[in-house]
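Data block below; observations after.
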Amino acid sequence: MDDVSHILDDLNEAQREAVTAPVSDLLVLAGAGSGKTRVLVHRIAWLLAVEGASPWSILAVTFTNKAAREMRGRIEQLIGQPPGGMWVGTFHGLAHRLLRAHWREAGLPQGFQILDADDQFRLVKRLLKQLEIDDARWPPRQVMGFINARKEEGLRPQHLDDGGDFYQRTLLRLYTEYEQACKRGGVIDFAELLLRAQELWRNHPDLLAHYRERFAHVLVDEFQDTNAIQFAWLRLLTQGRGNFFVVGDDDQSIYGWRGARVEHIREFQQLYPDARLIRLEQNYRSSGNILNAANALIEKNASRLGKRLWTADGDGEPIRLYAAFNEIDEARFVIERVQQFIDEGHRRDEAAILYRSNAQSRLFEEALRQAGIPYRVYGGQRFFERAEIKDVIGYLRLIVNRDDDVGFERAVNQPPRGIGPRTLDALRAHARDFGCSLWRAARELIDGGRMASRARNALLGFLELIDACDEDGDARLDERVESVIEASGLVAYFKKSRDGRGEDRIENLSELVEAARGFAATYEAESDEPDVLTAFLGLAALEAGDTQGAEHEDCVQLMTLHSAKGLEFPLVFIAGVEEDLFPHRMSAEDPERLEEERRLCYVGITRAMRQLYLSYAETRRLHGQETTPTPSRFLRDIPPELIEEVRAVAPVSRPWSGAGGAGLAEVGFQLGQRVSHPRFGEGVVLNAEGQGRSARVQVNFETSGSKWLVVAFANLAPC
Ligand code: ATP
Ligand code: MG
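Pasting the structure below:
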């Protein structure tokens, strides 16, 4: 059994219990950093090495493609060989794989393509225009949200009732039209992937039986964030099977706004009555102060299963709080600290800057660029989402499937080739009237001889170009991509472009050829897999978030709090800890959503291993307006003795008395007054600045010297 010690050595007792449990339904319920992901990985290794499970019988769901890759790597390390044949991936990735294998049963064309959020938006916009529906009353984003939410609940238009309401009726009509447009184009969106996969099994009991038999082990990480349709899919596979191993943390459920249902974990034992429950309580990630702050914060939530983490680690450094004068000062401060950290000899990717809203990244990016520090926006503008990449993908999609309207729209006049809006409108009208694709409409209009000759020639040129690109089907994938780029004329077009991004775009195009080369080299076709180009397009749509050019480069990590889930970093900044920003202004009024925001804050804090900085700005330009935010209520949930206020090296001095005559007395202190602080002891008030909730006083403490403290958090008492 000596190969087993690899698997068990680095586990504590509770973790070991979970890893070695007899095969049955099992829930590991535990807080952040307690080793849930580690347990899941070791469990798979255990099943393979000890239970004699075949990799083929294992299905594991992770949260990102990156996590899936890491998981494979770890398992390979533990068992000493690559676990070929195992299904590890995200819900979307696994559903995609299933639908590729059974496209016929799923009612899809063989070369079906995936519509990402941006494609979906364009399609909805086009439909609104075609149907002459007012997009002020039915904004495309909302229509999209409606359609996705219904799909996530497993509902098709025929399951829905408009309740006699005109607004609802219009939404339903759009949903119906949207479905038809997708069907015509042979495309499916993200939510559809899951719904289709679930319907596939529901409608084909023989197929379901096959997969139930095959997957003797189903494992899920981050179980708290499964939505209705994902869970329904898992249930088909696991109900009554005794093979369901899930790990999760109800306190980290942060996707309720996108349909995730934390009840799945809260009610797991009702849904799987024989399930065993194992709790992990030791945290291995964060030092004591950070962990205590997280514990104290999350305790303020009413609805939780309840658990408290401890660490064998010392208190470590205090949590540092920085009150910036404005958002620019905040970015400057953060980047200065990042630089210091790097200068101390740390790797850049040990530092992460987290924020609530995507738009906050811009200033940090700018400051990092100015400082010459490489960075990576994790899950932000992604390689495969860049305009020029999507242009080429449009061509490729059309080559795979001429009826792909999204691909057609993208490629037809990019670069401009004299196909004007009137020609395109005529094509769309024809397509709508005859229920056919744009490609077919183009053919018919050309053949019908009803077009002006210039437009006709331009359009014919485009169709011939696509047909010609389709002829070298036997070439290597990267050669094909390269020749499509060549034929499209995009490079010449970008060379002439004056937006200053031409070179950048051309570089991205060659990077796409590289991506194709890499993909072709590792692509192993299983018998049910599509051809390599189709598979590559699937990757382009699915992997967008996870493969940025610079993945292996040592970069400072920028990401939203949501994308930080499951990750850990020695140094973490959480920026913009202000009311309206975090908690987000849309959530502050609703108690349930406020709890979700607090969980998000808990997720953020628990990403930090050694050092955690929180910052807020006294003034901030937000949505084009100058605002004067108050510090977030979440700061008050953290015991003040865990927090240390940081002062900028050369602050702009803004004496209190200058601003509207507010004085020290307003917050109950006088210059020269003696005060005491829970951690720093006694001292004398020397100075003050700022107003209201961001008011600070400088206190000269007898034992620890002079410090600036935020009155609202410092817990100062007169003495
Ligand atoms: P999250 O809730 O954030 O997803 P988690 O519960 O999945 O966290 P892991 O990421 O698995 O936690 O583990 C957190 C950290 O603790 C990792 O660095 C992991 O390697 C380490 N760790 C977990 N268990 C042990 C252990 N028994 N001994 C030493 N280190 C451990
Ligand atoms: Mg984890």
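Taking the working numbering, the leading residue of the sequence shown gets 513, the next gets one more, and so forth.
C-beta: ideal position from N, C-alpha, C; glycine also.
Predicted, not measured: the structure shown is a model, and the values here were computed from it.
Check: Going along the chain, which residues of its own chain have a beta-carbon closer than 7 angstroms to the beta-carbon of Asp1058, five neighbours each way excluded?; Outcome: In this predicted model, Asp1058 has a pLDDT of only 42, less than 50, meaning its place in the structure is not dependable; the value taken from the coordinates is given anyway. Here the set comprises Thr576, Asn577 and Lys578.
Check: Have a look at Glu734 and Leu971 and give me their C-alpha separation to the nearest angstrom.; Outcome: 49 angstroms
Check: For Phe727, which three-state DSSP category applies?; Outcome: coil
Check: Please report the distance separating the alpha-carbon of Thr1046 from that of Val912.; Outcome: 7 angstroms
Check: By alpha-carbon positions, which one of Asp827, Gln692, Ile626 and Ala618 ends up nearest to Ile905?; Outcome: Ile626
Check: For my contact list, Thr1072 and Tyr867 are in at a C-beta cut-off of 8 angstroms; report their separation, rounded to the angstrom.; Outcome: 6 angstroms
Check: Would you say Leu1244 and Arg820 are within 9 angstroms of each other, going by their C-beta atoms?; Outcome: An answer regarding residue 1244 cannot be provided, because it is not within the stretch 513 to 1231 covered by the chain.
Check: Is the beta carbon of Asp647 closer than 9 angstroms to that of Val918?; Outcome: no
Check: One question on the structure: do Leu989 and Phe1006 come within less than 9 angstroms of each other, judged by their Cβ atoms?; Outcome: no
Check: Per DSSP, what kind of secondary structure is Trp1168 in: helix, strand or coil?; Outcome: Because Trp1168 carries a pLDDT of 39, less than 50, the predicted location of this residue cannot be relied on, and the following value inherits that uncertainty. It is helical.
Check: What is the DSSP secondary structure of Met1071, counted as helix, strand or coil?; Outcome: strand
Check: Tell me, please, which residues DSSP counts as bridged to Glu1138.; Outcome: Arg1133
Check: Starting from the C-beta of Leu672, find all residues in its chain whose C-beta is less than 7 angstroms away, skip the five residues before and the five after it, and write them out in chain order.; Outcome: Arg662 and Leu684
Check: Using DSSP with H/G/I as helix, E/B as strand and the rest coil, what is Phe678?; Outcome: helix
Check: How many angstroms separate the CA atom of Leu552 from the CA atom of Leu520?; Outcome: 12 angstroms
Check: Under 8 angstroms from any heavy atom of the ligand ATP, does the C-beta of Tyr796 make it?; Outcome: yes
Check: Going by alpha carbons, who is nearest to Val1209 out of Phe1225, Thr549 and Thr1215?; Outcome: Phe1225
Check: For the putative contact between Gly1195 and Phe1213, defined by C-beta atoms under 8 angstroms, what is the C-beta separation to the nearest angstrom?; Outcome: 4 angstroms
Check: Once DSSP output is grouped into helix, strand and coil, what is the label at Glu1157?; Outcome: strand
Check: According to DSSP, is Asn913 part of a helix, a strand, or is it coil?; Outcome: coil
Check: Where do the N-terminal and C-terminal ends of the alpha helix (DSSP H) with Gln632 fall, by residue?; Outcome: Ala629 to Gln642
Check: For Glu1019, does the count of other Cβ atoms within 10 angstroms reach 16, so buried, or fall short, so exposed?; Outcome: exposed
Check: Does the region 761–780 come into contact with the region 736–745, if we say contact requires no fewer than three beta-carbon pairs (one atom in each stretch) closer than 8 angstroms?; Outcome: yes
Check: Spell out the partners DSSP gives Asp701 in its beta bridges.; Outcome: Leu627
Check: Any heavy atom of the ligand MG closer than 8 angstroms to the beta-carbon of Glu734?; Outcome: yes
Check: Just curious, the beta strand (DSSP E) that Glu1201 is in, first and last residue?; Outcome: Gly1193 to Glu1201
Check: Where Asn755 and His729 are concerned, what is the direct C-alpha to C-alpha distance, given to the nearest angstrom?; Outcome: 5 angstroms
Check: Report back the beta-carbon spacing between Gln781 and Ala787 to the nearest angstrom; my notes put them in contact at under 8 angstroms.; Outcome: 5 angstroms
Check: Does Met656 come out as helix, strand or coil in the three-state DSSP assignment?; Outcome: helix
Check: Rounding to the nearest angstrom, what Cα-Cα distance links Cys1113 and Pro1082 in this structure?; Outcome: 17 angstroms
Check: What is the rounded straight-line gap between the Cα of Ala883 and the Cα of Pro621?; Outcome: 50 angstroms
Check: Starting from the C-beta of Leu1093, find all residues in its chain whose C-beta is less than 6 angstroms away, skip the five residues before and the five after it, and write them out in chain order.; Outcome: Arg868
Check: Residue range of the alpha helix (DSSP H) that Val622 falls in?; Outcome: According to the sequence provided, residue 622 is Gln. The question's Val does not apply to it. That residue, Gln622, is in no alpha helix (DSSP H); it is neither H nor E in DSSP.
Check: By how many angstroms is the C-alpha of Ala863 removed from the C-alpha of Thr823?; Outcome: 22 angstroms
Check: Could you tell me the distance, in whole angstroms, from the CA atom of Arg1029 to the CA atom of Arg584?; Outcome: 22 angstroms
Check: Name the two residues that bound the continuous alpha helix (DSSP H) containing Leu1112.; Outcome: Pro1103 to Ile1117
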